[in-house]
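This report refers to the structure that appears directly beneath it.
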Amino acid sequence: MHIVDRRLNPGGKSLPNRQRFLRRVKDVAQRAVRESAREKDIKNLGKDGRITVPGDGVREPRFSRQPGSGHQDYILPGNKTYVEGDRIERPPGGGGGSGSGEGGEGGENSEDAFHFVLTREEFLDLFLEDLELPDLAKRRLAIVETEGLRRAGYTVSGSPANLALSRTLRNSMSRRIALKRPKLEEVSALEAEIAEAEAANDPRLPDLQLKLLGLRERSKRIPYVDPIDLRFRRFEPYPKPIAQAVMFCLMDVSGSMTEHMKDLAKRFYILLHIFLTRRYKHVEIVFIRHTDKATEVDEETFFGSRETGGTLVSSALVEMKRIVTERYSPDDWNIYAAQASDGDNVSSDGPTSTELLRAHILPACQHFAYLEVGDENGPRAGFVEHRTTLWRTYEALAKAGEPLAMRKVNHRRDIYPVFRELFGRKDARAEA
Amino acid sequence: MVASLSRTKSTAPKPGELLFTGNDWDFETIRRIHDACEAVAGPELGLSWYPNQIEIITAEQMLDAYASIGMPLFYKHWSFGKHFAQHEASYRRGLMGLAYEIVINSDPCISYVMEENTATMQTLVIAHAAFGHNHFFKNNYLFKQWTDAEGILDYLDFAKSYIARCEERYGHQAVEHVLDAAHALMSQGVHRYPRKKRPDLASEQRREREREEHGEQIYNDLWRTLPAKTGAAKGDPALERRKALLELPQENILYFLEKVAPRLRPWQREILRIVRLVAQYFYPQRQTKVMNEGCATYCHYRIMNALSQKGQLSEAAYLEFLTSHTNVIRQPTFDDRSFGGHNPYALGFAMMQDIARIVEQPSQEDREWFPDIAGTGDAMGVLRDCWENYRDESFIAQFLSPKLMRDMRLFHVVDDPDEPEMRVEAIHDERGYRKMRRSFARQYDVAWLDPDIEVVDVDLEGDRKLILHHKALNRITLQREDARRVLQHLADLWGYDAVLKEVDPASGAVLVEHSASARPIFF
Numbered sequence: 242m243h244i245v246d247r248r249l250n251p252g253g254k255s256l257p258n259r260q261r262f263l264r265r266v267k268d269v270a271q272r273a274v275r276e277s278a279r280e281k282d283i284k285n286l287g288k289d290g291r292i293t294v295p296g297d298g299v300r301e302p303r304f305s306r307q308p309g310s311g312h313q314d315y316i317l318p319g320n321k322t323y324v325e326g327d328r329i330e331r332p333p334g335g336g337g338g339s340g341s342g343e344g345g346e347g348g349e350n351s352e353d354a355f356h357f358v359l360t361r362e363e364f365l366d367l368f369l370e371d372l373e374l375p376d377l378a379k380r381r382l383a384i385v386e387t388e389g390l391r392r393a394g395y396t397v398s399g400s401p402a403n404l405a406l407s408r409t410l411r412n413s414m415s416r417r418i419a420l421k422r423p424k425l426e427e428v429s430a431l432e433a434e435i436a437e438a439e440a441a442n443d444p445r446l447p448d449l450q451l452k453l454l455g456l457r458e459r460s461k462r463i464p465y466v467d468p469i470d471l472r473f474r475r476f477e478p479y480p481k482p483i484a485q486a487v488m489f490c491l492m493d494v495s496g497s498m499t500e501h502m503k504d505l506a507k508r509f510y511i512l513l514h515i516f517l518t519r520r521y522k523h524v525e526i527v528f529i530r531h532t533d534k535a536t537e538v539d540e541e542t543f544f545g546s547r548e549t550g551g552t553l554v555s556s557a558l559v560e561m562k563r564i565v566t567e568r569y570s571p572d573d574w575n576i577y578a579a580q581a582s583d584g585d586n587v588s589s590d591g592p593t594s595t596e597l598l599r600a601h602i603l604p605a606c607q608h609f610a611y612l613e614v615g616d617e618n619g620p621r622a623g624f625v626e627h628r629t630t631l632w633r634t635y636e637a638l639a640k641a642g643e644p645l646a647m648r649k650v651n652h653r654r655d656i657y658p659v660f661r662e663l664f665g666r667k668d669a670r671a672e673a
Numbered sequence: 002m003v004a005s006l007s008r009t010k011s012t013a014p015k016p017g018e019l020l021f022t023g024n025d026w027d028f029e030t031i032r033r034i035h036d037a038c039e040a041v042a043g044p045e046l047g048l049s050w051y052p053n054q055i056e057i058i059t060a061e062q063m064l065d066a067y068a069s070i071g072m073p074l075f076y077k078h079w080s081f082g083k084h085f086a087q088h089e090a091s092y093r094r095g096l097m098g099l100a101y102e103i104v105i106n107s108d109p110c111i112s113y114v115m116e117e118n119t120a121t122m123q124t125l126v127i128a129h130a131a132f133g134h135n136h137f138f139k140n141n142y143l144f145k146q147w148t149d150a151e152g153i154l155d156y157l158d159f160a161k162s163y164i165a166r167c168e169e170r171y172g173h174q175a176v177e178h179v180l181d182a183a184h185a186l187m188s189q190g191v192h193r194y195p196r197k198k199r200p201d202l203a204s205e206q207r208r209e210r211e212r213e214e215h216g217e218q219i220y221n222d223l224w225r226t227l228p229a230k231t232g233a234a235k236g237d238p239a240l241e242r243r244k245a246l247l248e249l250p251q252e253n254i255l256y257f258l259e260k261v262a263p264r265l266r267p268w269q270r271e272i273l274r275i276v277r278l279v280a281q282y283f284y285p286q287r288q289t290k291v292m293n294e295g296c297a298t299y300c301h302y303r304i305m306n307a308l309s310q311k312g313q314l315s316e317a318a319y320l321e322f323l324t325s326h327t328n329v330i331r332q333p334t335f336d337d338r339s340f341g342g343h344n345p346y347a348l349g350f351a352m353m354q355d356i357a358r359i360v361e362q363p364s365q366e367d368r369e370w371f372p373d374i375a376g377t378g379d380a381m382g383v384l385r386d387c388w389e390n391y392r393d394e395s396f397i398a399q400f401l402s403p404k405l406m407r408d409m410r411l412f413h414v415v416d417d418p419d420e421p422e423m424r425v426e427a428i429h430d431e432r433g434y435r436k437m438r439r440s441f442a443r444q445y446d447v448a449w450l451d452p453d454i455e456v457v458d459v460d461l462e463g464d465r466k467l468i469l470h471h472k473a474l475n476r477i478t479l480q481r482e483d484a485r486r487v488l489q490h491l492a493d494l495w496g497y498d499a500v501l502k503e504v505d506p507a508s509g510a511v512l513v514e515h516s517a518s519a520r521p522i523f524f
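Chains as they are written, first to last, in this note's numbering: chain A, 242 to 673; chain B, 2 to 524.
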């Protein structure tokens, strides 16, 4: 008999099977994932990766008999009152004596949807597939984020733990050879000779003894290891480059922005955040809200509080420009900006905004997206879509070839498609 | 990671000494338990078994094993991933407990036991799997005839690497298509009877000579005066020749495709062969569920009781064993909400107990029904003979006793679509015993349960259409949607059109006809 402990065997034996399965259901799974993004709270996206795929795509058909058709026999245990020849009404739902196992209930329902759980990784992979960050390589992606240590030669001072033994002894040996420090064998040979001479009463004895004394003296004066020989391994800190990004969320919070519009904007920001965190180790978010003046706020205030006042878009742009200059040098940071607004702006502000964008903001940004959020019901059918002030301002910029992407969104379900449009792979992307 | 404990047997368990106390166990305990069980299984029960290999696994590994139909190594296919996801989901939500063990019909016989089991459960599992199932695998005629316990692991290893190589060479997609199609036809991929050996010249000559001698011996001049049969027997010679050439009719569809399908490439044929051989390997298990579980349950019951009597199990452990034993053999009645058909453990165990009773303390009724075994006194001898020579269907037909039918209160209901209500055909009384036993046995006849589908002809001169018949027993037709899909796979493999006719064997009328054309996915 053998006892084999398999518990330590590497797990995940059926991982290849799972990958094959996912590949098989990829289309449906992708659709389901996107569906869930539409309906579910985006905040919890991917946390609960339970998805349902229709049983159809993963069905394993076999020849099997139609249950309840034709002549059926059932042998059942637990008879209480029946005698031969009794008649029993058919249980509702067609043949099958009281759910007999032989009948194979549910044969018809084999179309049932199939549930399974995706890991967060798998979920996001499907979710963000064929999306791409625009102009990823536009500028230096790296700045000092953490410091690593690496070996950098030797030094004469350091902690004992870093003592480079072989290097130290090599120095010591060359010094000993150079200064002719008497070797141990030399001394012991001389001692032996002296002992011999003593025994034989040799007249050279005093000479020899003097010589030995000299050798000993010299050994003492030239130490085996001198502080001068010591070498230590040297480590020097070096910057570990880590790609990092900052995401500016700009939003109009004036009275005309309804909760619905803010919700749309929020969803878009969250998508962008998820996407950026997949690409960059480190993503910072700056929230700037504005009415006719702009302030940098925290997330809570950004989405929660409501302000009154006019609308001056350039104020937010000025604020962003200030923050960029102060904290996020475009040389070190990948800057993404998304602006959400209902499109209202003081008409006199147009040229100012245009100039700010063209001269300062757009050159600093990797990507600037403008999201115009509308009413839930959207533009009513039959009406010519009204172009807002801000839209017209930005449209002129975009037409002039500036790297500015703009989209209009009315309903929650449009957010994800619009997001995909903005970040779809270059070859699949029509514009922006 | 092999941590085999090949030490000298210094720990031979002594009677009266507890094998373990508490729930914890280590390898030494397992070894002691195994040796104690062996001491009962050999001398007392007279079992014979393949050498045991007991493997300790985790819950996740158990799920892995579930997904690959219990085998320790298996080729990769998405359907296993699907099953894994399914099992995992229901396990995580606590809907499903995992089996305590899985045992593999191989030599050495591998039993997987879960690390979560208590020491008592390990004892139960070892008695059940490593001795009960193991004895059955080694001795039952179906397993002897159809499976190769020594070779199976090597074969699976070959299958796994062969399919992996095919994936590399021909692409995942191509291999997946073949496997999908082969899996769909898996239950039509077994030989139900040993095939005829191809006759060689010497034996043919010998048979011919014997036939002639026999004819001479029984020669009677009177026969000459009988009128000759009219030419009805003569069939179409072209058809006869075609059928002989293609070995038609053929119910092993995978075998037929592997040998005859005109357009398959060699590697595709090999994959069909792999799936077919795996199906064949599992075929005996489907036919012996009741007996196999009954044998294992009876063995663990005897062994556990013997250990308890020898004082090797504490009372706490014995009670724990009884709890899980009674859970295993619970049979809800037909009107119970948890009723899901007959529990093979319950039926098997009850029959084994019943046979032991008949052998040892027969009643007058038993003597009438089972004159061969009643009162012979050697229960284990009779049981071992059953385990060796029967399968579920023949076992029930032979050994289900009137007393057990009464105890289980079996009754037989017939559902005839032509009648407005279902009818109680027989109950557990004098008039019903034989009828009911016959129908009951038939429900365990795999050949009766599986749809009877065979390849009957190929239109070789025309468009190479493959013609199959389903003999719709009792006019029960196939599930349409599934039949259509499987037939599609079949046509893909065949490379040309395929048509499946569902025929009522009584009248010869065609009930339903399905047809499919090959899609260009293989060629």
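The beta carbon of each residue, even a glycine, is placed where N, CA and C say it ideally should be. Just so you know, these numbers come straight off a predicted model, no measurement behind them.
Alpha carbons only, please: which of A427(B), A347(B), A519(B), D373(B) is nearest the one belonging to I544(B)? Residue 544(B) cannot be examined here, being either before or after the span of chain B that is shown, 2 to 524.
From the DSSP output, in three-state form, read off L20(B) for me. coil
Starting from the beta carbon of F364(A), find every residue of chain B whose beta carbon is closer than 8 Å, and list them in chain order. In chain order: nothing, as chain B lies at least about 14 Å away.
Return no unless some Cβ of chain A is closer than 8 Å to the Cβ of H470(B). no
Do M437(B) and G47(B) have their C-beta atoms within less than 8 Å of each other? no
Which chain B residues are close to I292(A), counting only those with a beta carbon under 7 Å from its beta carbon? The contacting residues do not exist; I292(A) stays about 11 Å from chain B at best.
Determine the contact status of L456(A) and L420(A), defining contact as a CB-CB distance below 8 Å. no
Whole-Å CB distance - D585(A) paired with S497(A), under 8 Å assumed: 5 Å
With 8 Å set as the bound, which would you pick, yes or no: does the beta-carbon of K254(A) sit closer than that to a beta-carbon of chain B? yes
Straight-line Cα distance separating S415(A) from R472(A): 14 Å
Of the residues that make up the segment 405-431 of chain B, which ones have a beta carbon closer than 8 Å to any beta carbon in chain A? M409, R410, L411, F412, H413, V414, V415, D416, D417, P418, E422, M423, R424, V425, E426, A427, I428, H429, D430
Does DSSP put V587(A) in a helix, in a strand, or in coil? coil
Taking the straight line between their C-alpha atoms, what separation do you get for V659(A) and E596(A)? 27 Å
Going by the CB atoms, is the gap between S107(B) and L180(B) shorter than 8 Å? no
According to DSSP, is T360(A) helix, strand or coil? coil
By a C-beta neighbour count over all protein chains shown, 10 Å radius and 16 as the cutoff for buried, is L645(A) buried or exposed? buried
For E29(B) and I58(B), the rounded distance between their alpha carbons: 17 Å
Looking at C-alpha atoms only, which residue of V614(A), E363(A), Q307(A) is the closest neighbour of H501(A)? V614(A)
My parser needs the beta strand (DSSP E) runs of 3 or more residues fully inside the segment 90-153 of chain B; what are they? 102-105, 110-115
Measure from the alpha carbon of P251(A) to the alpha carbon of each residue in A442(B), Q62(B), D27(B), then state which is nearest. Q62(B)
Complete beta strand (DSSP E) runs within the segment 34-85 of chain B (minimum length 3 residues, chain order): 53-58
For K161(B), go through chain A and note every residue whose CB falls closer than 9 Å to its CB, in chain order. Neighbours of K161(B) on chain A: none; closest Cβ ~11 Å, over 9 Å.
Which runs of the alpha helix (DSSP H) spanning at least 4 residues fall entirely within the segment 300-367 of chain B, listed in chain order? 316-329, 345-361
Around the Cβ of F159(B), are there at least 16 other Cβ atoms within 10 angstroms (buried) or fewer (exposed)? exposed
Excluding the 5 residues preceding and the 5 following A517(B) in the sequence, name in chain order all residues of the same chain whose CB lies nearer than 6 Å to its CB. L488, Q489, A492, A499
Check whether the Cβ of A484(B) lies closer than 8 Å to any Cβ atom in chain A. yes
Please state if the CB of E426(B) and the CB of H413(B) are separated by a distance shorter than 8 Å. yes
Start-to-end residues for the beta strand (DSSP E) that takes in Y315(A): 313-317
Here's a check: name, in chain order, each residue in its chain whose Cβ is nearer than 8 Å to the Cβ of L450(B), leaving out the five neighbours to either side. Q444
For H601(A), collect the residues of the same chain with a Cβ closer than 7 Å to its Cβ; drop the 5 residues on either side in sequence, then sort them by chain order. K562
Meets three-Cβ-pair contact criterion under 8 Å: the segment 50-57 of chain B and the segment 345-359 of chain B: no
Cα-Cα, which of H78(B), H184(B), L323(B), F137(B) is closest to P302(A)? H184(B)
Please state whether the Cβ-Cβ distance between L603(A) and E643(A) is less than 8 Å. yes
Please go through the same chain and pick out, in chain order, the residues whose beta-carbon is closer than 8 Å to the beta-carbon of L446(A), but skip the five residues on each side of it. I435, A438, E439
Assuming the contact rule is C-beta atoms closer than 8 Å, E366(B) and K311(B) should be a hit. Round their C-beta distance to whole Å, please. At roughly 35 Å, the Cβ-Cβ gap does not stay under 8 Å, so E366(B) and K311(B) are not in contact.
Using Cβ-Cβ distances below 8 Å, what residues of the segment 57-87 of chain B are close to chain A? I57, I58, T59, E61, Q62, L64, D65, A68, S69, K77, H78, W79, S80, F81, G82, K83, F85, A86, Q87
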